[in-house]
Ligand code: SAM
């Protein structure tokens, strides 16, 4: 069944218009009509079944019928990703959304070679991935910020998995076994990796946990996907 992310409060019998893009998608692309059902979620009220109540020239009115799934909170995991080239960045946002991260924080490091981010495009990718993957929320994507600045405002109880390609770090699964629940973050560097100064600074942080993702150097998107998958398997909402 089609799932759409909406920004309206969701409760039984509520009725609201979809935006122009979503209305067109429903009626012209998916050929839906009055009486057809779909699922909607807004990140706060759970997932609700809706019925198409009216189809106007430029908008569709939905009528909320019943609660399908109560709201659940995504695992408390933030992905800090050094800004990389557009295509890879879009892949990372889509996969991070599918893998259930709560927030995505693009960071600028010494070797970041692109600063420009199409945040609106990334938000669309995250929303579409949330709709496809069955999430009940959409991850927040922060504006790019310098890594130092982000770390200077760090919440001390949040542990940071520092994915360090330089080696001599604990394998990530060993670091996560018996690591305990709580707020976590994952840090992935840019194509050019971390500078020696950055590495020394990061390894000196009390909340940083340097980890290895194996003996090979992974591309930033591969590294992000591997680290998020392993974290979810060890501490996330996959645990049986
Ligand atoms: N300079 C290389 C390159 O151009 O591909 C390495 C950078 S790598 C693409 C980007 C980031 O992925 C690294 O900074 C690190 O955070 C992560 N990464 C890649 N391989 C890793 C490994 N074997 N262990 C830990 N982290 C890794």
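Numbering (our numbering), first residue to last: 5 to 244.
A virtual CB, placed ideally from N, CA and C, is assigned to each residue, including glycine.
On a predicted model such as this, the values are computed, not experimentally measured, just so you know.
### Query
Curious, which full-length alpha helix (DSSP H) runs of at least 4 residues does the region 23 to 70 contain?
24 to 28
### Message
Following a CB-centred definition, is residue 194 positioned closer than 7 Å to any heavy atom of the ligand GTP?
### Response
Within the structure as shown, the ligand GTP is missing, the only ligands being the ligand SAM.
### Task
Taking 8 Å as the cut-off, decide whether the C-beta atoms of residue 193 and residue 101 are in contact.
Reading the chain shown from its first residue, position 189 is the one you call residue 193. Reading the chain shown from its first residue, position 97 is the one you call residue 101. In this structure, residue 101 does not lie closer than 8 Å to residue 193 by Cβ.
### Query
Do you know offhand how far residue 90's Cα is from residue 146's?
Within the chain shown, residue 90 is the residue found at index 86, counting from 1. Within the chain shown, residue 146 is the residue found at index 142, counting from 1. Taking the straight line from one Cα to the other gives about 16 Å.
### Query
Smallest Cα separation from residue 59: which of 230, 40, 115?
Reading the chain shown from its first residue, position 55 is the one you call residue 59. Selected option, being the one with the closest Cα: 40.
### Query
Would you call the region 62 to 69 and the region 23 to 41 in contact, with 3 or more CB pairs under 8 Å?
yes
### Short Cβ contact (8 Å threshold) for residue 217 with residue 227
Here the question's residue 217 lines up with position 213 in the chain shown. Here the question's residue 227 lines up with position 223 in the chain shown. Yes. Within cutoff.
### Query
Is residue 204 near the ligand SAM, with its Cβ less than 7 Å from a heavy atom?
Position 200 of the chain shown, counted from the first residue, corresponds to residue 204. False, no ligand heavy atom lies under 7 Å from that Cβ.
### Task
Can you grab the Cα-Cα spacing for the pair residue 105 / residue 38, in whole Å?
To locate residue 105, count along the chain shown from 1; it is residue 101. To locate residue 38, count along the chain shown from 1; it is residue 34. If you take the alpha carbons of residue 105 and residue 38, they lie about 35 Å apart.
### Task
With residue 189 as the anchor, note down where its alpha helix (DSSP H) starts and where it stops.
Here residue 189 refers to the residue found at position 185 when the chain shown is read from its first residue. Here residue 189 belongs to no alpha helix (DSSP H); instead the beta strand (DSSP E) covers 188 to 192.
#### Entry: Whether residue 47 touches residue 140 by CB criterion (8 Å)
On the chain shown, position 43 is the one that residue 47 refers to. On the chain shown, position 136 is the one that residue 140 refers to. For residue 47 and residue 140, yes; Cβs fall inside 8 Å.
### Query
Is the number of C-beta pairs between the region 126 to 140 and the region 165 to 174 that are closer than 8 Å three or more?
no
### Task
Ignore the nearest five residues each way along the sequence and tell me which others in residue 73's own chain have a CB closer than 6 Å to its CB.
Counting from 1 along the chain shown, the entry for residue 73 is found at position 69. These residues qualify, in order along the chain: 50, 51.
### Message
Which residue marks the beginning of the beta strand (DSSP E) containing residue 230, and which one marks its end?
### Response
Working through the chain shown from its first residue, we reach residue 230 at position 226. Not the beta strand (DSSP E): residue 230 falls in the alpha helix (DSSP H), residues 224 to 239.
### Beta-carbon proximity list for residue 154, same chain, < 6 Å, skipping 5 on both sides
Position 150 of the chain shown holds residue 154. Excluding positions up to five away in sequence, the list reads 111.
### Query
Are the beta-carbon atoms of residue 165 and residue 185 separated by less than 8 Å?
The count along the chain shown starts at 1 and reaches residue 165 at position 161. The count along the chain shown starts at 1 and reaches residue 185 at position 181. Result no, Cβ atoms of residue 165 and residue 185 do not sit closer than 8 Å.
### Message
According to DSSP, is residue 136 part of a helix, a strand, or is it coil?
### Response
Locating residue 136 in the chain shown gives position 132, where the first residue counts as 1. The answer is helix: DSSP assigns residue 136 an H, G or I state.
### Task
Specify, as a first and last residue, the run of the alpha helix (DSSP H) that residue 97 falls within.
Start at 1 with the first residue of the chain shown, and residue 97 comes out as number 93. Looking at the DSSP string, the run of the alpha helix (DSSP H) that includes residue 97 is 90 to 102.
### Message
Quick check on residue 214: buried or exposed, where buried means 16 or more other Cβ atoms within 10 Å of its Cβ?
### Response
As a position in the chain shown, residue 214 is number 210, starting the count at 1. The residue is buried, with at least 16 neighbouring Cβ atoms inside 10 Å.
### Task
Pick out whichever of 82, 162, 99, 238 has its Cα sitting closest to the Cα of residue 129.
On the chain shown, residue 129 is found 125 positions in, with the first residue counted as 1. Residue 99 is the option with its Cα nearest to residue 129.
### Task
Evaluate residue 244 with the Cβ neighbour count: other Cβ atoms within 10 Å of its Cβ, from every protein chain shown; 16 or more gives buried, anything less gives exposed.
For the purposes of this step, residue 244 is taken as the residue at position 240 of the chain shown. Its pLDDT being 48, under 50, residue 244 is placed unreliably by the model, and nothing is read from it.
#### Entry: Buried versus exposed, by CB contacts within 10 Å (16 or more), residue 76
In the chain shown, counting from the first residue as 1, residue 76 sits at position 72. Looking at its Cβ environment, which holds fewer than 16 other Cβ atoms inside 10 Å, residue 76 is exposed.
### Task
Would you decide whether residue 221 is buried or exposed? Buried here means 16 or more other CB atoms lie within 10 Å of its CB.
Position 217 of the chain shown, counted from the first residue, corresponds to residue 221. With fewer than 16 Cβ atoms within 10 Å of its Cβ, residue 221 is classed as exposed.
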